[in-house]
Structures are given as structure tokens and as C-alpha cells.
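Going left to right, the sequence shown walks through residues 0 to 502 as numbering that gives the first Met the number 0 numbers them. What follows is a short report on a single structure.
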Amino acid sequence: MITTTNQSAVSAFDSFFLQHGEEGGEHFRNHVELVVDILAEVFQTMDRPLEGKTVHDIQQELRGVLTLSEEPQSLQEVLKEIKGPVIRNSLHVSHERSMAHLHCPPVLPGVLAELIIGALNQSMDSWDQSPAATYVEEELIRYWCQLIGLSEQGDGVFTSGGTQSNYMGMLLARDEFCLSEWGHIVQKDGLPESFKKMRVLCSEEAHFSVKKSVSQLGLGEQAVVPVPVNEDHRMDHHEVRHTVEQLEQEGLLPYAVVSTCGTTDYGSIDPLDGLADLCEEKGLWLHVDAAYGAGLLLSEKHGDKLSGMDRADSVTLDFHKWLFQPISCGMFAVKDRKHLRLLSHHADYLNPEEDEKEGIVNLVNKSIQTTRRFDALKVLLTLKVLGTRLLGSMVDRTMEVARFAAGELEKRFDFCVENPSPELSAVVFQYQPEESRDVCGLNRKIQQKLFHEGTAVIAKTSVRGETYLKFTILNPRTTEEDVLAVIDQIEHTAKQILGGTPH
Numbered sequence: 000m001i002t003t004t005n006q007s008a009v010s011a012f013d014s015f016f017l018q019h020g021e022e023g024g025e026h027f028r029n030h031v032e033l034v035v036d037i038l039a040e041v042f043q044t045m046d047r048p049l050e051g052k053t054v055h056d057i058q059q060e061l062r063g064v065l066t067l068s069e070e071p072q073s074l075q076e077v078l079k080e081i082k083g084p085v086i087r088n089s090l091h092v093s094h095e096r097s098m099a100h101l102h103c104p105p106v107l108p109g110v111l112a113e114l115i116i117g118a119l120n121q122s123m124d125s126w127d128q129s130p131a132a133t134y135v136e137e138e139l140i141r142y143w144c145q146l147i148g149l150s151e152q153g154d155g156v157f158t159s160g161g162t163q164s165n166y167m168g169m170l171l172a173r174d175e176f177c178l179s180e181w182g183h184i185v186q187k188d189g190l191p192e193s194f195k196k197m198r199v200l201c202s203e204e205a206h207f208s209v210k211k212s213v214s215q216l217g218l219g220e221q222a223v224v225p226v227p228v229n230e231d232h233r234m235d236h237h238e239v240r241h242t243v244e245q246l247e248q249e250g251l252l253p254y255a256v257v258s259t260c261g262t263t264d265y266g267s268i269d270p271l272d273g274l275a276d277l278c279e280e281k282g283l284w285l286h287v288d289a290a291y292g293a294g295l296l297l298s299e300k301h302g303d304k305l306s307g308m309d310r311a312d313s314v315t316l317d318f319h320k321w322l323f324q325p326i327s328c329g330m331f332a333v334k335d336r337k338h339l340r341l342l343s344h345h346a347d348y349l350n351p352e353e354d355e356k357e358g359i360v361n362l363v364n365k366s367i368q369t370t371r372r373f374d375a376l377k378v379l380l381t382l383k384v385l386g387t388r389l390l391g392s393m394v395d396r397t398m399e400v401a402r403f404a405a406g407e408l409e410k411r412f413d414f415c416v417e418n419p420s421p422e423l424s425a426v427v428f429q430y431q432p433e434e435s436r437d438v439c440g441l442n443r444k445i446q447q448k449l450f451h452e453g454t455a456v457i458a459k460t461s462v463r464g465e466t467y468l469k470f471t472i473l474n475p476r477t478t479e480e481d482v483l484a485v486i487d488q489i490e491h492t493a494k495q496i497l498g499g500t501p502h
């Protein structure tokens, strides 16, 4: 029997949940409008990518927000409370002069899809938790596999991003080698006795997640052999061949090569076809980390730079970089879906073997995650609303502005550009005035001063042990005028620092 007290308690919960019916829909709409209003107000008044406050100031402002109470507050009151300390003090990546990292401005269809994803709250592990979402993801996987150039045997799964995708590539490469070389099933029996001889080759400028993944997989960091890059910051496939043969002569077991298609700093692309030739000849697993460069799959002008990607055994793609999706949204693809079985574990309550026999698709069989978001919806809405041609032109536009930036920096006497012909949309450079005795210290101060003032957000990195600056142009709304303004700010800021003048 339900008592009046219990009914009262349930009624108290109602306003905090999505509810069906006309009243529930209106309640939801009112809450969403409050959020939209507060965000719109901030976007209307923010004229720079960052408020420009000190670490101490931000921490102080957050103290009151982070004080929690046993009693509920109205959403309107809480939003008003976080408006300044949280929303305004965030990095506004959609601003045209936010050009530091591989951190893109999200397109509106992706942002709105996040609302739908959160409201539906599908879990992508089993079909009975995501009946429509499962097939949306499956179809989008098929679409991107076709764009890569994989055959009908190609397959994949959505991931949280490049680090997880690279981990999956290294996991499958390890387990496939152990299975084919020794008939050893790592899932059941652990690592084989000779695992200490196994080696992975990658560029010395490959993403840190390659070494991190191999280490986490029990092979140790020494299993990763970094290959030097040339003046264009690419691996030379002849050098890779030499390294593989040298390892073989030493009695070691090279089993995988990681080709980076868009390095974090320079956007450089390793020679995909040359590496694919080598891997096919030697029987090595080729993993292509295209977390950055995969945006070129939609480019009409630069798609040929991805020639050879279709020959990879596995590929990493990130949609929260050059497909302008809200974080997180990535994908892992394989040339042959049979390899994904190396990930599969069955649980009676989730993905029983009987489901497979009946043709029921449980995506947990292809993922290292169990509960997983319906991120494919963001990509679906974006592709349908914007269309592939417009998305490709956005990618091309960022590359055009990056080339302009490199050319402008080359014209100015005190700048040294490390990659004067950027392959993607990143430009690495250093300000080198004759009057500076500490160029590295100066460049670090320039980056920090611009950041703390909030006028422009650029990155710093290390080149041959020296501090350099970096533009990463991921916003197709960033113009040549924005680039000129930021370069002028860099020069002006440097002169302030060198002259000891206050800002």
C-alpha cells in the first residue's frame, strides 16, 4: 500500500527528472531556456577568449560556488552563481583568437546533440539499452570506414578520443602478434615468455599515448623504439626499415609500426604508403594515428595527403578536433573486423553468446568500455545539417589561414618559423629579437602574458630543447586579420617585457 507520505516524497522528486506528458515537456523546456539564456548572455559580452584573471583570483571566486548544502537551490539561483566563476572564467574555444591546442570550437548541431544525448542517456554497451543508437553508430562506422578506404571487412567503434583509440590499436597489435607468432591467447594466458623482446616503432614525435599504452599493456616503455624525424618532422620509411632490420639482427621482435598522420606540434604526416609497403613485406601491424589528420578525409583540396591510410591495420580518428565536435568524440577503425574479437568478453546479463547467434548487436563486444555515450549522434547531426562539402571547406579554410600565418611570420625579421610550409593547420615559431639574452624565457613570458591578459590564447612547445610558440588554427572563422592582430600583440608584448614597461 502506498502511503500519503510516500506519495509526497515521490512528488518532491518529480521536478528533478525528465517526465513524459505535456507538463513534463514544458518543465524541461523552461529549464533548458534558463541555461540558454545564461550562456547567450556570456557569449554576447565576451570579447576575448579568456577573462584574463590570475590563478589565485579564479580560485578565490570558486570558493563560494564549491560550498555545498544539504538543502536544494533553484536552478536559476545556481546558474547565476556559476555565471562568473565558472562560465566566464572558462577558456572560450569558439573565440577567433583562441588558437593554442587541438581544441576545436564545436558546431551548433554537435552542441545541440549533446542535449539530446544527455536527455536520452543511452548506454552503448548492449542493444537493449540503445535500440536505435546501436544502429546509428554501426552505420556511421561503416561510413567512415568507407571514407578511409577500408573494405567491407572494415569495422570500428566510437571512443573517447585518440588516447583510447591508440590504446586499442596497441592492444590488438600485441594480441594478434602473440596469437599468430606463438598461438598464445593473451586474454586467457597472460603475456608469453618472450614478451620482453617485442618492439613497437613510432616517430620520435608520435603522441605520448603510444608509449603510455604499450607501457600499460605490460611490455614496458623500452618496448617502444622512437625513430628520428627529418627536417619536415616526418619519419623516413627507409630509416624505419633500417631500424626494423637492426632490431631483428639483435634477436628482438618488432611487431608494429605507428604512423602519425598529423603530429601534435607540426601536423606532420609520416609516409603512409612507404610504411605500408614495409609492414606488408615484414608482416608488421600498421597503426595510423590520424586523430588530427583525419579531418582531411572530407577535404577536397588536401585529401591526397592521406594516400596509404586505407592499407593500415588500424586507424585512430578524432571528431572533437577537425570535425568540430564537443568533447569527447573519437573513433577506432580496423581493416578486418575479426581482430575486434580479441576484445570480446561475454557476460550473461549483458551480451550473452545467444544474442550473437540471433543477430543481436551488442557493441560492448567491440569496445574496451562498458557504459558508453551515444556520441555518434553528434556526428550524424553535424553531417546531415552541414553536409560533407561545407565541412571539408572548413578544414581547408583553417589550412589556408595557417599557411598565411607562416608566411606572415617569415616576413617579419625577428621571427623564426620551424615549419614554414605547414602540412596541416599548425605553425611553430620563435620570437628572436637581437636584444634578448634569454630567448626561451622571453617566449615563455610572451605566451603567459597573452594568456593572463586574455587577449589571445596561443601555445608554447619545445623544439630541440628551446621554447617555441605555436598557432593551432582549428576555427574556420579565424581570419587573416585575427592572425595579424595576434602577431602584432606578440611583438608588442615582447617589447613591453624587454623594456620592463607595465602592461
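The C-beta atom is built at its ideal place from N, Cα and C for all residues, glycine as well. If you're wondering where the values come from, they're calculated on a predicted model, not measured in any experiment.
> What three-state label does DSSP hand residue 503 in the structure shown?
Replying inline: For residue 503 there is no data in the structure shown, the boundaries of the chain being 0 and 502.
> Taking the alpha-carbon positions, what's the residue 467 to residue 341 distance?
Replying inline: The residue you call residue 467 lines up with position 468 of the sequence shown. The residue you call residue 341 lines up with position 342 of the sequence shown. Each residue's alpha carbon lies about 42 Å from the other.
> So, do the region 196-206 and the region 223-231 have three or more beta carbon pairs nearer to each other than 8 Å?
Replying inline: Yes, the region 196-206 is in contact with the region 223-231.
>> Using only CA atoms, which one of 75, 320, 97, 493 lies nearest to residue 414?
In response: Indexing the sequence shown from 1 puts residue 414 at position 415. Taking each of 75, 320, 97, 493 in turn and checking the Cα distance to residue 414, the smallest one comes out for 493.
>> Suppose you measure from the CA of residue 34 to the CA of residue 74; what does that come to, to the nearest Å?
In response: Your numbering for residue 34 matches position 35 in the sequence shown. Your numbering for residue 74 matches position 75 in the sequence shown. Approximately 9 Å between the Cα atoms of the pair.
> Quick one: what's got a C-beta closer than 6 Å to residue 294's C-beta in the same chain, skipping five residues either side?
Replying inline: Along the sequence shown, one-based indexing puts residue 294 at 295. Same-chain partners within the cutoff: 321, 394.
> Using the rule of at least 16 other Cβ atoms within 10 Å of the residue's Cβ for burial, across every protein chain shown, is residue 184 buried or exposed?
Replying inline: Here residue 184 corresponds to residue number 185 of the sequence shown, with the count starting at 1. Exposed: under 16 other Cβ atoms inside 10 Å.
> Do the region 361-373 and the region 122-134 make contact, defined as three or more Cβ pairs closer than 8 Å?
Replying inline: Yes: at least three Cβ pairs fall under 8 Å.
>> What I want to know is whether the C-beta of residue 364 ends up closer than 7 Å to one or more non-hydrogen atoms of the ligand FAD.
In response: This structure lacks the ligand FAD; in fact it carries no ligand of any kind.
> Among 345, 195, 98, 441, which has the Cα closest to the Cα of residue 217?
Replying inline: For the purposes of this step, residue 217 is identified with residue 218 of the sequence shown, where counting begins at 1. When only C-alpha atoms are compared, the closest one is 195.
> In angstroms, rounded to a whole number, what distance separates the CA positions of residue 132 and residue 112?
Replying inline: Here residue 132 refers to the residue found at position 133 of the sequence shown. Here residue 112 refers to the residue found at position 113 of the sequence shown. So the two alpha carbons sit approximately 13 Å from each other.
> Looking only at C-alpha atoms, which of 84, 81, 220, 417 sits nearest to residue 264?
Replying inline: In the sequence shown, counting from the first residue as 1, residue 264 sits at position 265. Taking each of 84, 81, 220, 417 in turn and checking the Cα distance to residue 264, the smallest one comes out for 417.
>> To the nearest angstrom, how far is the alpha carbon of residue 501 from that of residue 491?
In response: Start at 1 with the first residue of the sequence shown, and residue 501 comes out as number 502. Start at 1 with the first residue of the sequence shown, and residue 491 comes out as number 492. Caution is warranted here: a pLDDT of 48 is assigned to residue 501, below 50, making its placement in the model unreliable, and the coordinate value is therefore given only provisionally. Whole-angstrom Cα-Cα distance: 12 Å.
> Quick one, are the C-beta atoms of residue 164 and residue 358 less than 8 Å apart?
Replying inline: On the sequence shown, residue 164 is found 165 positions in, with the first residue counted as 1. On the sequence shown, residue 358 is found 359 positions in, with the first residue counted as 1. No, Cβ-Cβ distance for residue 164 and residue 358 is not below 8 Å.
>> On the criterion of 16 or more Cβ atoms from any shown chain inside 10 Å, does residue 424 qualify as buried, or is it exposed?
In response: Working through the sequence shown from its first residue, we reach residue 424 at position 425. Classification of residue 424: buried, given that the 10 Å Cβ count is 16 or more.
>> Can you confirm whether residue 155, when its beta carbon is compared against all beta carbons of chain D, has any partner nearer than 8 Å?
In response: Note that chain D does not occur in the displayed structure, where there is just one protein chain.
> What is the DSSP secondary structure of residue 459, reduced to helix, strand or coil?
Replying inline: As a working note, residue 459 is residue 460 in the sequence shown. Looking at residue 459 - three-state DSSP - the assignment turns out to be strand.
> Could you give the distance in angstroms between the alpha-carbon of residue 382 and the alpha-carbon of residue 107?
Replying inline: Counting from 1 along the sequence shown, the entry for residue 382 is found at position 383. Counting from 1 along the sequence shown, the entry for residue 107 is found at position 108. As the crow flies, the alpha-carbon of residue 382 is around 12 Å from that of residue 107.
> How many angstroms separate the CA atom of residue 462 from the CA atom of residue 401?
Replying inline: Locating residue 462 in the sequence shown gives position 463, where the first residue counts as 1. Locating residue 401 in the sequence shown gives position 402, where the first residue counts as 1. Spanning the two alpha carbons is a distance of roughly 19 Å.
> So residue 380 packs on residue 116, CB below 8 Å; how close in whole Å?
Replying inline: Locating residue 380 in the sequence shown gives position 381, where the first residue counts as 1. Locating residue 116 in the sequence shown gives position 117, where the first residue counts as 1. Incorrect: roughly 10 Å between the Cβ atoms, too far for contact.
> If you run the structure through DSSP and keep just helix, strand and coil, what is residue 330?
Replying inline: Stepping through the sequence shown from its first residue, residue 330 is reached at position 331. Three-state result, residue 330: strand.
> Exposed or buried, which one is residue 24 when buried takes at least 16 other CB atoms within 10 Å?
Replying inline: Start at 1 with the first residue of the sequence shown, and residue 24 comes out as number 25. Flag for residue 24 reads exposed.
>> For residue 398, tell me which candidate among 298, 220, 352 has the shortest Cα-Cα distance.
In response: Taking the first residue of the sequence shown as 1, we reach residue 398 at position 399. Of the candidates 298, 220, 352, the one whose C-alpha sits nearest the C-alpha of residue 398 is 298.
>> Just verifying my parser: in three-state terms, what is the DSSP assignment at residue 234?
In response: The residue labelled residue 234 in the question sits at position 235 within the sequence shown. Strand, per DSSP.
>> Which of the three DSSP states is assigned to residue 255 in this structure?
In response: As a working mapping, residue 255 is identified with position 256 in the sequence shown. Looking at residue 255 - three-state DSSP - the assignment turns out to be strand.
> When burial is assigned at 16 or more other CB atoms within 10 Å of the CB, is residue 485 buried or exposed?
Replying inline: The sequence position of residue 485 within the sequence shown is 486, counting from 1. The Cβ neighbour count for residue 485, taken over all protein chains shown within 10 Å, is at least 16; the residue is labelled buried.
>> What does the alpha-carbon distance come out to for the pair residue 437 and residue 396?
In response: Position 438 of the sequence shown, counted from the first residue, corresponds to residue 437. Position 397 of the sequence shown, counted from the first residue, corresponds to residue 396. Using only the alpha carbons, I get a separation of about 36 Å.
> Which residue's Cα is closest to the Cα of residue 261: 20, 331, 422?
Replying inline: Start at 1 with the first residue of the sequence shown, and residue 261 comes out as number 262. For the residues 20, 331, 422, the minimum Cα distance to residue 261 belongs to 422.
> So who's on the other strand from residue 198, going by DSSP bridges?
Replying inline: Against the sequence shown, residue 198 aligns to sequence position 199. In DSSP, residue 198 forms a bridge with 253.
> Considering only the beta carbon of each residue, do residue 333 and residue 155 sit closer than 8 Å?
Replying inline: Position 334 of the sequence shown, counting from 1, holds the residue named residue 333. Position 156 of the sequence shown, counting from 1, holds the residue named residue 155. For residue 333 and residue 155, yes; Cβs fall inside 8 Å.
> What is the DSSP secondary structure of residue 439, counted as helix, strand or coil?
Replying inline: Your numbering for residue 439 matches position 440 in the sequence shown. Residue state, collapsed to three classes: helix.
> Which of the three DSSP states, helix, strand or coil, is assigned to residue 345?
Replying inline: As a working mapping, residue 345 is identified with position 346 in the sequence shown. It is coil, neither helix nor strand.
> Per DSSP, what kind of secondary structure is residue 359 in: helix, strand or coil?
Replying inline: Translated into positions along the sequence shown, residue 359 becomes position 360. In the structure shown, residue 359 adopts coil according to DSSP, grouped into three states.
> Alpha carbon to alpha carbon, what distance is there between residue 442 and residue 411?
Replying inline: In the sequence shown, residue 411 corresponds to position 412, counting from 1. In the sequence shown, residue 442 corresponds to position 443, counting from 1. When rounded, the distance between both Cα atoms is 16 Å.
>> Using 8 Å for Cβ pairs, my map puts residue 103 next to residue 319. What's the rounded Cβ distance?
In response: Working through the sequence shown from its first residue, we reach residue 103 at position 104. Working through the sequence shown from its first residue, we reach residue 319 at position 320. Contact flag correct, Cβ pair sits at about 7 Å.
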